[in-house]
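There are 2 protein chains.
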Amino acid sequence: MKVSAQEEYGLRCLLQLARLGAGEALTLGQIAEREGISQANAGKVLWLLNKAGLVSSTRGTKGGYQLARPAAEIRLSEIIKVLDEGEVDGHCKTYPGVLDSCVHTGDCGIRSVIVNVHEAVERALSAITLAQLTGSERNVDTVLHQIQSPRRSTSAAAEGAQ
Amino acid sequence: MKVSAQEEYGLRCLLQLARLGAGEALTLGQIAEREGISQANAGKVLWLLNKAGLVSSTRGTKGGYQLARPAAEIRLSEIIKVLDEGEVDGHCKTYPGVLDSCVHTGDCGIRSVIVNVHEAVERALSAITLAQLTGSERNVDTVLHQIQSPRRSTSAAAEGAQ
DNA sequence: GACATACCTGACTTTTTTGTCAAGATTGCT
DNA sequence: AGCAATCTTGACAAAAAAGTCAGGTATGTC
Chain A
204 MKVSAQEEYG
214 LRCLLQLARL
224 GAGEALTLGQ
234 IAEREGISQA
244 NAGKVLWLLN
254 KAGLVSSTRG
264 TKGGYQLARP
274 AAEIRLSEII
284 KVLDEGEVDG
294 HCKTYPGVLD
304 SCVHTGDCGI
314 RSVIVNVHEA
324 VERALSAITL
334 AQLTGSERNV
344 DTVLHQIQSP
354 RRSTSAAAEG
364 AQ
Chain B
204 MKVSAQEEYG
214 LRCLLQLARL
224 GAGEALTLGQ
234 IAEREGISQA
244 NAGKVLWLLN
254 KAGLVSSTRG
264 TKGGYQLARP
274 AAEIRLSEII
284 KVLDEGEVDG
294 HCKTYPGVLD
304 SCVHTGDCGI
314 RSVIVNVHEA
324 VERALSAITL
334 AQLTGSERNV
344 DTVLHQIQSP
354 RRSTSAAAEG
364 AQ
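Going down the list, the sequences are from chains A and B. Each residue of the first sequence is one higher than the one before, starting from 204 at the first, in the numbering used here. Each residue of the second sequence is one higher than the one before, starting from 204 at the first, in the numbering used here.
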């Protein structure tokens, strides 16, 4: 349950693009240099984002990448989902240790637990947009604390904080 | 951003133990057989849970594992945290592509984003206890929908659902 | 129309995670 | 005390993910 390398890189590339003015674009080399990662790696991530319709690319001499939509309309949950599916090509990875075929089907008890954990995570991430991340990072704190359950005390959550 | 194999196995083992009556215990072999995983693998996971104080073990002929605390006092966030740290031995994995030393320190902009995403996830998971998972799995749905932000419409979240 | 720039894509190498094995240590029973 | 059952622990092998490389395709400029 952690942010994978590819997810983090994708997020960083998108943040770079979100800070641009209208009509501006960044080339693959520029993005890679600013984030300190290889151009090949950035290219792979941006290709995924392009395929998913989050960014648009222009080829040729004056080419580059830019956001396909306003940053305020791109949710964190969407980004994570796209970059996750790039890893596990299929849609339903079958873990070993399951007597039948797939953990996510059937009535094996763990199914709904796993699925719902993923849903809980996605719900939390869908409350945040790219635009909220570009400005001051302090804003994120504010947004995140709003989605906290109203009937749970903060002390319990802080106790188990990592 | 997904549940790793080790996390899922740990969760399954804990659920087995949570269903026991007071004073009862399960041996490593019993747990492994019920979950369809190897005894060696179950042993590794249970050792982590034991070291973290979530389960207690008894050696000898009539030995076995049992929960160290009531299931109602064990939060999902705690479980995930323990099993995560078993993977990445240290506490702060340094991703490549960062000009300085670690993503989680310094003012590199992405730091607070990553940290806050993790906090959001943990906050969602801390609202669920083991006890809530043992009975009917339908309850999980109910609990999870409570922690949803009151000012976000469900349609947007469903649109990006995986 | 030729050249330079920049994105696209599949194969390959390295690293990390996952799972297994085997030997050691502890406890209860006879 | 001795034996059998059980947990403990470090080292190793297999699988998956992450990252790199090189060749291909498209676009704009001179």
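Note that the Cβ used here is the ideal one computed from N, Cα and C, for glycine as well. If you're wondering where the values come from, they're calculated on a predicted model, not measured in any experiment.
Taking CB atoms only, A:I282 has no neighbour in chain B less than 7 angstroms away.
The continuous beta strand (DSSP E) containing B:G267 extends over residues G267 to L270. Across the set B:R278, B:T337, B:V324 and B:G266, the C-alpha of B:G266 shows the shortest separation from the C-alpha of B:T230. Among the residues of the segment 208-237 of chain A, those with a Cβ less than 8 angstroms away from any Cβ of chain B are A208, E210, E211, Y212, L214, R215 and L218, in the order of the chain. Annotation for A:V324: the continuous alpha helix (DSSP H) segment containing it runs I313 to L328.
Judged by pairs of C-beta atoms under 8 angstroms, the segment 321-328 of chain B does not touch the segment 241-256 of chain B, as fewer than three such pairs exist. Under the Cβ criterion of 7 angstroms, B:L336 is counted among the residues facing chain A.
Near chain A, meaning a CB-to-CB distance below 9 angstroms, no residue of the segment 249-262 of chain B qualifies.
Contacts with chain A at 7 angstroms (Cβ-Cβ) do not include B:I277. Interface annotation for the segment 321-334 of chain B against chain A: H321, E322, A323, V324, E325, R326, A327, L328, S329, A330 and I331, criterion Cβ-Cβ distance under 9 angstroms.
Here the alpha carbons of A:I277 and B:Q242 stand approximately 45 angstroms from one another.
Exclusion of the five residues before and after B:I283 leaves E210 and L328 as the residues of its chain whose Cβ lies within less than 7 angstroms of its Cβ. Boundaries of the alpha helix (DSSP H) harbouring A:T337: L333 to T337, taken from the DSSP string. Residue pairing from DSSP places B:L229 in a beta bridge opposite B:Y268. The residue from B:Q219, B:Q335, B:E288 and B:A275 with its alpha-carbon nearest to that of B:Q233 is B:Q219.
Within the same chain, Cβ atoms closer than 8 angstroms to the Cβ of B:S259 are found at N253, Y268, Q269, L270 and A271, the five residues on either side in sequence being excluded. In the DSSP annotation of this structure, the continuous segment of the alpha helix (DSSP H) that includes A:V248 starts and ends at Q242 to K254. The Cβ-Cβ distance between A:A275 and A:T337 does not fall below 7 angstroms. Separation of A:G226 and A:R237 (C-alpha to C-alpha, rounded to the nearest whole angstrom) is 20 angstroms. The beta carbon of A:R222 is closer than 8 angstroms to those of T337 in its chain, skipping five residues each way along the sequence.
Looking only at B:T264, B:C216, B:T261 and B:P273, the smallest Cα-Cα distance to B:A245 is reached by B:C216. A:V258 is bridged by DSSP to A:L270. At a cut-off of 7 angstroms between C-beta atoms, A:V285 does not count as an interface residue with respect to chain B. Residue-level contact by beta carbon fails for B:V318 and chain A, as no gap is shorter than 7 angstroms. Shortest Cα-Cα distance from A:I313 to any of B:L286, B:A208 and B:L214 involves B:L214. For A:Y212, same chain residues with a beta-carbon under 8 angstroms away, outside a window of 5 residues either side, are E238, I240, N244, A245 and V248 in chain order. Distance check between B:V320 and each of A:T261, A:S280, A:R262 and A:G224 places A:S280 closest, using alpha-carbon atoms only. Counting other Cβ atoms within 10 Å of its Cβ, A:G256 stays below 16 and is therefore classed as exposed. The beta carbon of B:E288 sits closer than 6 angstroms to none of the beta carbons in its chain outside the five residues before and after it.
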